[in-house]
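Chains as they are written, first to last, in my numbering: chain R, 3 to 298; chain H, 3 to 298; chain F, 3 to 298; chain X, 3 to 298; chain U, 3 to 298.
For glycine and all other residues, C-beta sits at the position ideal for the given N, C-alpha and C.
Keep in mind that this is a model prediction, so the values were computed, not measured.
Below is one structure; the comments refer to it alone.
Here's what the structure looks like:
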């Protein structure tokens, strides 16, 4: 396993450290790793994501699942946080997702703000999430909007998790959104822009069409994710699950990520797009992997 | 009837609960259901909407109609509220519609603010209304504008009713504004973004051209509206009447909506685009339906 | 009965009218009169006021009593409103008492702010209360503090009820706090300073030691309260009960007040410093009096 | 044991509930009770309080003691929080004490602000503390200063613990600062003014010189603390230890407090004014008592 | 020598650490110790302080002296900083003294603000100074004023040096301003209130008239200064020279201070109230002492 920095080596303010300690050491396995349950797909993709397992359309079901499955936090939008988190306040960390959008309009990728860091503080959240569309032609608006979030998060001691997502026509032309090149660049961008934690997709080194020369070589998946974690340097890294795929492949991705020094996983559809007990069984398998990679 | 959540299960602040209690339990039937009279068509469509029944061009006539018809509230723009609500202040709840637009310019759908939550407080309103054009290419501006309204409504304890309307070229290309897909997504979007009440059109599951695979199946109208209410989860749901159509069809839509667990109806043109006594007779029929679906 | 002005004759803004209409016509007898239950004695006098009827120390008991007794509103401080009003939000109007003090320090009477008009809006209150110590050497601070409250109440359409209480050494030297002179002056002061409703003690025309010559004559109680209501002019007037005394005397005071054109009563200790059913019986007697004096 | 309200019965916002849940159910015994270690005596009394056990002059020693002793939180001033909490951030809840003073000037009791609620948020604190000197002639300044703290705490979802301390010449003249009368009034005052938790001294019903008639009777210590908890109603109550006294007496006070329905204890000097292992032994005895009074 | 905490053990923000590093490691001896030249006596005492050595009335002379003498910084008021620091900007660290007063009015000690932290940033200062009169009856105003300075210094990453001076009638009655008790309490107060560096007078353990029992014992000067440094804990401590006295006594105080773990000295009149070369000679003797106590 590659070395993972401890919380006291990240340049964190007291409040950020307190909240991250809570997430990483007082929830989930409590060993410095984390697995988060993201649940903003109802906004990002619409209710169609719940057709595979209709009970998952009920936020109460999903928050309870996160609790039962020993997750380190649940990432939701302001509306669900206002209506559903009170019942579980303090029992599981809340990551308030600050921006989001519907998938409908065919415009340059940009995720508008729907909540503020102060909302997160008010709701007792332990972190905020922000989707940054790395490579989007709307980069200027995105960076400007992000700047305010970063400043507020700093002022209020709130950890900032950046969903660092390569997107847009230019990304599509250079290997696509989950090429090693794009993911590596996204991890570094979040680090350069001050994220405390960065969430990336697992890199695919075989997607090389249009990527810069440096990435147009033979890399194993392990080499790629190793490099991505290095690019994030003192920004802790989470690997996201994305669309549902086979369990064996997901578990292998999880293992490689942890081996690379990632802090953890953020798996949504792969967890709740299946029947309840099967969700818990899969979460348990993920936790088994994390248990092998405690922070020093 | 599907279960409808009580006011104490919605995560409401004291002020929002007080005002919604007033609307739902101290006006109209007082049984937890509601029927609202919207009257912003003079701005949205222009006076042409009053040609069918010229007296309805007079706001005083319409507010009085709402009172006589036992409505739970009247939804109007700031100008009419300033000029006409004083006469009826406190007799019927005011829903101040905060944004609105003319139908004239052919631009990306966006409804600009014409009033503020503080205006609503000052006028003694019991709720505010905001039109969100789900799927519009102007999504970024819309969400940003909405964010401020939501924050103000939260700070001042004012219930927020979102007119969640699918609109724009991309919606047109994916089944249209009243497809099951679009309405379902709109209901969920309002819930994710923190609406207290969402107003949607009745879904049409037969409009399937261009919709995602999940919606390209056989669904009954009842199945569709059931799903939409579920997607709104703890956001109370109102079904809007839209353009005037036959009474029998409207009453059937109303019945199916209530059966699905909707909180009520918001019917304008179907009510006041006809002669006075006929308006009241129709309102009475709607109330008869609501009377069969009291909150527990 | 002396004539009492209607709500449309008071120069009220839309929001103030809406909220007062709610209090006067949609709660209690709904006839334009009002009886309020004040419950801030726990702060003003301490828990000793509850020794006569210990259950009254529980705010929940008292709010419920107000509901059962058909009161038009409950007047409480911010802390109790935050903790107890949610359960009854909208069922009975809330009058948020904005200032208050303990009776302990022997200083010039001044009641510091503990809440704001915006708190009242946020909590869904229908009015705010402010204690003005007319005649206190701390007049300057009091008036300055009141100015802000009045401006905020105006801006937010919130009715302002002034507890207009003569207090201080100079009042003691001029007939005392419930002389006809002091009460009459207090009623006028509230009217001059922009109260929507004024709460006064019942005047005692026999307390003449040190009062100005004009008040050092023979006046009946009825003449005195008639004059006080006239002094308040378009400020609606409530007569407060003060310390508990015999029921017959209280009822006679109530009758004379209504005869004089008062809008109603605000009786606390006389109501809840007795056993539950006896409280309701007494409230019923007060309501019987109010029923004889409907607004035109 | 008298019943103690659950966190879901206190009218708490989501953020306050999340943070109190953390304190009461994820630290200490995790059973809804709490024991806090206050450590602001270096400011309130000066370093002389550390002469009994010099290592206790080192904030690092005391925070570590709180951790070892299984305390639910440590209450310190901004300076120590800035310098020492980072090392333990998230391991033990921080209660940021917002005001404080030296004991030197002989002036009307008033505790000036040294920090803000936003400081507390920034540092990852789970509550703020404010000393209110009930009965002080400086009441007006104190209430005004407190108002801002309460509003900020509300806005940011931060639990507010009020050190409700009777003080001043008028208190001295009416039974003194720990009479049943004074403590009972202080508990109620904090509740009326919106504290989430109130910290009081243990009441002494035998101190009757100058107290109001209601308190000039025979009451047992148990009857007195029972009444004080009732006066606090939905404000959770902590009993403070005050100056060091015999262990047996302290433990008996602790037991009676819990029996009355108090939520817990806040003991400083009685804990750290003794040798390290003896401190832990005493803390263990206190925890044994709390273990017998879990929240339902 | 008692241990002195390193810069990385003080809970400093990045900006505060950068500026303190500059002062302590890139000026003076560069060994983690410091000697400052304070020069605000022209305001505090008036020009009478310059009669002993008239050239010292010229700020240019004194700043140059600080440079020649290898001081780590010069502490001056805003007016002198504006007019004289430009010439030496960057050559020697500037400590902008933010408050100050004349000695003329016989009022409760309080030092009003004459500059802001933002002035200090604008002028390129490396620290700000604030005089806190511990024990003054004006404590409330002083703490409130200090709170703003502390918050600004935090926000802008500016080290805050507190001149922690016991003053006022109550101090005079309890051993006086340089009793061990008063100085010890002053050091702790600065630490509790968030100073980065505290400047105190050398304690006199023999001044025991009226001090609390704990201080009414036999203590050596070394024991006293040892305790004071401990009370300051992670707040670095400077010992001030005060009025001019014999060199041997001064040097002994300096040695004892450094032995106790002080970070350095802040000597003004003892330096510049003598002829130029003699000033440098004395400064050299002080530096010789500091050279023996490098930070680890």
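{"Asked": "What distance in whole Å lies between the Cβ atoms of residue 125 of chain R and residue 17 of chain X, which are believed to be in contact at a cut-off of 8 Å?", "Found": "5 Å"}
{"Asked": "Are any of the Cβ atoms in chain U nearer than 8 Å to that of residue 108 of chain X?", "Found": "yes"}
{"Asked": "Starting from the C-beta of residue 240 of chain U, find all residues in its chain whose C-beta is less than 8 Å away, skip the five residues before and the five after it, and write them out in chain order.", "Found": "36, 38, 163, 199, 200, 201, 202, 264, 265, 266, 267 and 268"}
{"Asked": "State yes or no: is the beta carbon of residue 95 of chain X nearer than 8 Å to at least one beta carbon in chain U?", "Found": "no"}
{"Asked": "Hey, does residue 98 of chain X have any beta-carbon neighbour from chain R nearer than 8 Å?", "Found": "no"}
{"Asked": "Between residue 93 of chain X and the rest of its own chain, which residues show a CB-CB distance below 8 Å, the 5 nearest in sequence each way excluded?", "Found": "69"}
{"Asked": "Does the contact criterion of 3 or more C-beta pairs under 8 Å hold for the stretch 64-83 of chain U versus the stretch 39-52 of chain U?", "Found": "yes"}
{"Asked": "Using only alpha-carbon positions, find the residue among X/138, X/238 and X/133 that is nearest to residue 107 of chain F.", "Found": "X/138"}
{"Asked": "Let me make sure I understand the geometry here. Which of H/250, H/13, H/296 and H/278 has the alpha-carbon closest to that of residue 260 of chain H?", "Found": "H/296"}
{"Asked": "With DSSP run on the structure shown, which of helix, strand or coil describes residue 201 of chain H?", "Found": "strand"}
{"Asked": "Buried or exposed: residue 86 of chain F, going by 16 or more other Cβ atoms within 10 Å of its Cβ?", "Found": "buried"}
{"Asked": "Can you list, in chain order, the residues of its chain whose CB lies under 7 Å from that of residue 226 of chain R, leaving out five sequence neighbours each side?", "Found": "182, 205 and 207"}
{"Asked": "Between which two residues does the beta strand (DSSP E) harbouring residue 168 of chain X extend?", "Found": "162-168"}
{"Asked": "For residue 287 of chain F, count neighbouring Cβ atoms within 10 angstroms of its own Cβ and tell me buried if that reaches 16, exposed if not.", "Found": "exposed"}
{"Asked": "Can you tell me the Cα-Cα spacing of residue 251 of chain R and residue 186 of chain R, whole angstroms?", "Found": "21 Å"}
{"Asked": "Does any residue of chain R have a CB that is nearer than 8 Å to the CB of residue 92 of chain X?", "Found": "yes"}
{"Asked": "Please report whether the beta-carbon of residue 82 of chain F lies at a distance below 8 Å from any beta-carbon of chain X.", "Found": "yes"}
{"Asked": "Per DSSP, which residues does residue 294 of chain H bridge with? Please list them.", "Found": "Answer is none; residue 294 of chain H lacks a bridge partner."}
{"Asked": "Over the uninterrupted beta strand (DSSP E) stretch that includes residue 225 of chain X, give me the two end residues.", "Found": "Careful: residue 225 of chain X lies outside any beta strand (DSSP E), inside the alpha helix (DSSP H) at 223-234."}
{"Asked": "In terms of DSSP beta bridges, what is residue 79 of chain X paired with?", "Found": "X/99"}
{"Asked": "Going by alpha carbons, who is nearest to residue 136 of chain X out of F/45, F/26 and F/246?", "Found": "F/45"}
{"Asked": "Restricting to runs no shorter than 3 residues, where is the beta strand (DSSP E) found entirely within the stretch 240-280 of chain X?", "Found": "266-268"}
{"Asked": "Taking only beta-carbon atoms, is residue 139 of chain F less than 8 Å away from chain X?", "Found": "no"}
{"Asked": "Quick check on the burial criterion: 16 or more other C-beta atoms within 10 angstroms. Buried or exposed for residue 88 of chain U?", "Found": "exposed"}
{"Asked": "Under 9 Å Cβ-Cβ, which residues of chain F neighbour residue 233 of chain X?", "Found": "44, 48, 49, 52 and 59"}
{"Asked": "Take residue 51 of chain F and list the residues in its own chain whose beta-carbon comes closer than 6 Å to its own, dropping the five residues that flank it on each side.", "Found": "43"}
{"Asked": "Which chain U residues are close to residue 88 of chain X, counting only those with a beta carbon under 9 Å from its beta carbon?", "Found": "13"}
{"Asked": "By Cβ distance, which residues of its chain are closer than 8 Å to residue 24 of chain X, with the 5 residues on each side in sequence left out?", "Found": "95 and 128"}
{"Asked": "In the DSSP assignment, find the alpha helix (DSSP H) that holds residue 131 of chain X and state where it starts and stops.", "Found": "Element bounds for residue 131 of chain X: not the alpha helix (DSSP H) but the beta strand (DSSP E), 129-136."}
{"Asked": "Would you kindly report the start and end of the unbroken alpha helix (DSSP H) that includes residue 25 of chain F?", "Found": "16-27"}
{"Asked": "Of the residues F/174, F/119 and F/112, which one's Cα is nearest the Cα of residue 145 of chain F?", "Found": "F/112"}
{"Asked": "So with CB distances below 7 Å, who are the chain R contacts of residue 23 of chain X?", "Found": "91, 92 and 93"}
{"Asked": "Along the stretch 152-183 of chain X, where does the CB come closer than 9 Å to a CB of chain F? Name the residues.", "Found": "152, 153, 156, 168, 170, 171, 172, 173, 175, 176 and 183"}
{"Asked": "Considering only the beta carbon of each residue, do residue 143 of chain X and residue 105 of chain X sit closer than 8 Å?", "Found": "no"}
{"Asked": "Can you name the start and end residues of the beta strand (DSSP E) that residue 125 of chain U belongs to?", "Found": "That residue, residue 125 of chain U, is in no beta strand (DSSP E); it is neither H nor E in DSSP."}
{"Asked": "Alpha carbon to alpha carbon, how far is residue 222 of chain F from residue 140 of chain U?", "Found": "54 Å"}
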